[in-house]
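So the number in my numbering is just where the residue sits in the sequence shown, counting from 1, plus 90.
Don't be surprised by glycine CBs; every beta carbon is placed ideally from N, CA and C.
Report on one structure; see the data block that follows.
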Amino acid sequence: MDAKFSPRVKDVITYSREEALRLGHNYIGVEHLLLGIIREGEGTAVRMLEGLNVDLQKLRKALEGSIRPT
């Protein structure tokens with residue numbers, strides 16, 4: 091990653107890639123990015139979701155349950 095991303099963004103991208111591979115995908119989609127954001131566990135996106143009373147573990151399970159391997 092040569093772009094000037096913050097360490098947190100680099101972590102989210104890394105986690106998203108790992109989630110995509112774990113789920114049998116060879117691309118990073120929005121669903122993988124969201125899983126990466128949840129896995130990273132900090133930052134504005136997580137705070138916003140928590141502020142909306144989103145249960146992050148339930149969201150993770152729902153995402154994983156709706157994703158089909160390619």
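- A Cβ-Cβ separation of about 6 Å places leucine 113 in contact with proline 159 under the 8 Å criterion.
- In the three-state DSSP reduction, proline 97 falls in the helix class (H, G or I).
- The C-beta distance from valine 102 to glycine 126 rounds to 4 Å, short enough to fall under 8 Å.
- The alpha-carbon of isoleucine 118 is positioned some 16 Å away from that of arginine 150.
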